[in-house]
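Trainee:
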Amino acid sequence: MTKHSPLACLSNATLFKDFPESLRKKLVTISTHQEYFPKGSLIRQPFDGKDGLLVMDKGKAKVYSLNENGKETILGLLNKGDSEGQEHLFSTSARENFIQATTDAWVCSMTRNDFQKLVRQTPDLALSLLNDFGQKLVTAEKNTVRRNSMDAKQRIMAYLNDLSKKQGTNKVKLDLKKKDLAGYLGITPETLSRKLKELAKENKIQVDKKIITIAK
Numbered sequence: 001m002t003k004h005s006p007l008a009c010l011s012n013a014t015l016f017k018d019f020p021e022s023l024r025k026k027l028v029t030i031s032t033h034q035e036y037f038p039k040g041s042l043i044r045q046p047f048d049g050k051d052g053l054l055v056m057d058k059g060k061a062k063v064y065s066l067n068e069n070g071k072e073t074i075l076g077l078l079n080k081g082d083s084e085g086q087e088h089l090f091s092t093s094a095r096e097n098f099i100q101a102t103t104d105a106w107v108c109s110m111t112r113n114d115f116q117k118l119v120r121q122t123p124d125l126a127l128s129l130l131n132d133f134g135q136k137l138v139t140a141e142k143n144t145v146r147r148n149s150m151d152a153k154q155r156i157m158a159y160l161n162d163l164s165k166k167q168g169t170n171k172v173k174l175d176l177k178k179k180d181l182a183g184y185l186g187i188t189p190e191t192l193s194r195k196l197k198e199l200a201k202e203n204k205i206q207v208d209k210k211i212i213t214i215a216k
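According to full-length UniProt numbering, the sequence shown is numbered sequentially starting from 1.
#1: Could you spell out the range, first to last residue, of the beta strand (DSSP E) harbouring GLN121?
#2: Closer than 6 Å by C-beta to SER41: which residues in its own chain qualify, once you throw out the five before and the five after it? Chain order, please.
#3: Assuming residue 218 is part of the alpha helix (DSSP H), what are its boundary residues?
#4: Which runs of the beta strand (DSSP E), 3 residues or longer, sit entirely within the UniProt domain "Cyclic nucleotide-binding" (15–136)?
#5: Assuming ASP48 and ARG95 form a contact by the criterion Cβ under 8 Å, report the distance between their Cβ atoms to the nearest whole angstrom.
#6: Would you check if there are 3 or more beta carbon pairs closer than 8 Å linking the region 152–160 to the region 183–190?
#7: Taking the alpha carbon of ASN161 as the point to measure from, which residue in ASP104, LYS216, GLU87 has its own alpha carbon closest?
#8: What does the alpha-carbon distance come out to for the pair ASN69 and ARG24?
#9: What's the gap between the Cα of ASN79 and the Cα of GLN121?
#10: Should residue 223 go down as buried or exposed, given a rule of 16 or more other Cβ atoms within 10 Å for buried?
#11: What residue does the beta strand (DSSP E) around ASP208 start on, and which one ends it?
#12: Buried or exposed: which applies to LEU54, given that a residue is buried once 16 or more other Cβ atoms fall within 10 Å of its Cβ?
#13: Can you tell me the Cα-Cα spacing of LYS60 and ASN203, whole angstroms?
#14: Would the beta-carbon of ASP104 fall within 7 Å of that of PRO38?
#15: My output table needs one value for ILE212: the three-state DSSP class, helix, strand or coil.
#16: Using a Cβ-Cβ cutoff of less than 7 Å, which residues in the same chain neighbour ASP82 once the five nearest sequence positions on both sides are dropped?
#17: So, is ILE99 buried or exposed, given that buried needs 16 or more other C-beta atoms within 10 angstroms?
#18: What residues match up with LYS173 in a beta bridge as DSSP calls it?
#19: To which residues of the same chain is GLU177 closer than 8 Å at the C-beta, ignoring the five residues directly before and after it?
#20: Please classify THR188: does DSSP put it in a helix, a strand, or coil?
#21: Grab the span of the alpha helix (DSSP H) containing ASP162 for me, first residue to last.
#22: Assign residue 220 to one of three DSSP states: helix, strand, or coil.
#23: What does the Cβ neighbour count give for GLN34, buried or exposed, with the cut at 16 atoms within 10 Å?
What follows is the structure, given as structure tokens:
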């Protein structure tokens, strides 16, 4: 097995990849690396006392909330290199969402207290993280607008087109189970399956298990 490199881990993270190496080396000194979470386990949950930022080193996870009736709403998806919890580096508010490993996952993290100490020495660090957090808010708002203004097929196609841009190909691989994708899009799994079949009949997509080809 390849030895884990804390510097490489942070360098591969989307959040930190454009930081100068000198700054990434400082972040290494306040970060914990390769904490293991088996598939299905909770990486973070409300009021667990684990504040701060986490980075997905390996594996996948979903971010979700539960309403008072226990209904799950998926708020985001985490893949290798993705980060979650920037807001908790700046706020003492307790976490309200759950983060659950959807595959075996290895996570790197840093706490609010350690980060705040480093920020006092490196103000540019705070600005960079706030800019990334702003982009996450834009993404969340875009998903909310889609849920409120698009029908099911339009939401599916918008998601697939976003995934196509991210993966750099019109032949995309779904990055989560259809049940979780349905929750993320705000529709039922049955509706997702039905609309995928309709889109295939309309020759807009081709479906082969988890591989979907978008017609050009």
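We put the beta carbon where it would ideally sit given N, CA and C, even for glycine. Since the structure is predicted, the reported quantities are computational estimates derived from the model, not experimental observations.
Mentor: The relevant details are as follows:
#1: For the purposes of this step, residue 121 is taken as residue 121 along the sequence shown, with counting starting at 1. Not the beta strand (DSSP E): GLN121 falls in the alpha helix (DSSP H), residues 112–121.
#2: Here the question's residue 41 lines up with position 41 in the sequence shown. Cβ within range, chain order: ALA101.
#3: The requested residue 218 does not occur in the structure, where the chain is confined to residues 1 to 216.
#4: 31–37, 42–44, 53–58, 61–66, 72–78, 98–101, 105–110
#5: Counting from 1 along the sequence shown, the entry for residue 48 is found at position 48. Counting from 1 along the sequence shown, the entry for residue 95 is found at position 95. Going by Cβ atoms, the distance from ASP48 to ARG95 rounds to 7 Å, so yes, they are a contact pair.
#6: Taking 8 Å as the limit for Cβ pairs, the verdict is that the region 183–190 does touch the region 152–160.
#7: For this step, residue 161 is matched to residue 161 along the sequence shown. If we check each option's Cα against that of ASN161, LYS216 comes out closest.
#8: Residue numbering aside, residue 69 sits at position 69 when the sequence shown is read from its first letter. Residue numbering aside, residue 24 sits at position 24 when the sequence shown is read from its first letter. Between the alpha carbons of ASN69 and ARG24 lies a distance of about 43 Å.
#9: Taking the sequence shown and counting its residues from 1, one reaches residue 79 at position 79. Taking the sequence shown and counting its residues from 1, one reaches residue 121 at position 121. Roughly 30 Å between the two C-alpha positions.
#10: Only positions 1 to 216 of the chain appear in the structure, and residue 223 is not among them; the question remains open.
#11: Translated into positions along the sequence shown, residue 208 becomes position 208. Here the beta strand (DSSP E) through ASP208 covers 205–208.
#12: For the purposes of this step, residue 54 is taken as residue 54 along the sequence shown, with counting starting at 1. Its Cβ being crowded by 16 or more others within 10 Å, LEU54 is buried.
#13: As a position in the sequence shown, residue 60 is number 60, starting the count at 1. As a position in the sequence shown, residue 203 is number 203, starting the count at 1. Spanning the two alpha carbons is a distance of roughly 31 Å.
#14: Locating residue 104 in the sequence shown gives position 104, counting from the first residue. Locating residue 38 in the sequence shown gives position 38, counting from the first residue. A contact, by the Cβ cut-off of 7 Å.
#15: The count along the sequence shown starts at 1 and reaches residue 212 at position 212. In the structure shown, ILE212 sits in a strand (DSSP, three-state: E or B).
#16: If you number the sequence shown from 1, residue 82 lands on position 82. So the qualifying residues of the chain are THR14, MET56.
#17: As a first step, residue 99 must be located in the sequence shown, where it is residue number 99. Classification for ILE99: buried.
#18: By 1-based counting over the sequence shown, the position of residue 173 is 173. In the DSSP output, where bridge partners are listed per residue, LYS173 has ILE211.
#19: Position 177 of the sequence shown, counted from the start, is the residue given in the question as residue 177. A small fix is needed here, since residue 177 is Lys in this sequence, not Glu. Contacts found: THR102.
#20: As a first step, residue 188 is located in the sequence shown; it is residue number 188 there, counting from the start. Three-state DSSP puts THR188 in coil, outside helix and strand.
#21: Mapped onto the sequence shown, residue 162 falls at position 162. Segment 152–167, the alpha helix (DSSP H) holding ASP162.
#22: Nothing about residue 220 can be reported from this structure: the residues present for the chain run from 1 to 216 only.
#23: Your numbering for residue 34 matches position 34 in the sequence shown. Under this definition GLN34 is an exposed residue.
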